[in-house]
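Residue numbers (the working numbering): 24 to 147. Take a look at the structure set out below.
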């Protein structure tokens, strides 16, 4: 099965300079665990619930800190035509739970471990 069959085609993003308080509110309102961090139109990172927890643990004024300061800067992506099991394997090896989905250089969605687990559950 391909990533195109399991990914979520809605891209939720935040600005690199956006305060973490606003980032957290967006995640809650959109019921997602990660946002792609943009600097202009370019994806510069991913910020996750785990990153927000780390910010809270390390800074008394975390809500006002910028997303870029706590986002994971190493951005890997999945391609629409990539095998979903290969993507799951890469995510496990890297210890990540969300990957932006790329279609010829254009951000088109996000795939999560939950999406991939659902695939395995229904396939069984």
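In this text, a Cβ means the ideal position worked out from N, Cα and C, and glycines have one as well.
Residue j beta carbon less than 9 Å from that of residue i
{"i": "residue 87", "j": "residue 68", "result": "no"}
{"i": "residue 38", "j": "residue 90", "result": "yes"}
{"i": "residue 124", "j": "residue 115", "result": "no"}
{"i": "residue 46", "j": "residue 66", "result": "no"}
{"i": "residue 117", "j": "residue 139", "result": "no"}
Selection from the options that minimises the alpha carbon distance to residue i
{"i": "residue 55", "options": "134, 140 and 143", "result": "134"}
{"i": "residue 58", "options": "111, 85, 132 and 83", "result": "132"}
{"i": "residue 36", "options": "84, 49 and 143", "result": "49"}
{"i": "residue 70", "options": "64, 142, 120 and 139", "result": "120"}
{"i": "residue 126", "options": "80, 101, 61 and 111", "result": "101"}
{"i": "residue 122", "options": "77, 60, 83 and 79", "result": "60"}
{"i": "residue 62", "options": "128, 40 and 73", "result": "40"}
Nearest-angstrom beta carbon gap, residue j and residue i [assumed within contact, 8 Å]
{"i": "residue 75", "j": "residue 43", "result": "6 Å"}
{"i": "residue 25", "j": "residue 107", "result": "6 Å"}
{"i": "residue 29", "j": "residue 142", "result": "5 Å"}
Where residue i falls, given that 16 or more other Cβ within 10 Å makes a residue buried
{"i": "residue 85", "result": "buried"}
{"i": "residue 83", "result": "exposed"}
{"i": "residue 80", "result": "exposed"}
{"i": "residue 78", "result": "buried"}
{"i": "residue 105", "result": "buried"}
Within-9 Å CB hit, residue i to chain C
{"i": "residue 83", "result": "Chain labels in this structure do not include chain C; a single protein chain is all it has."}
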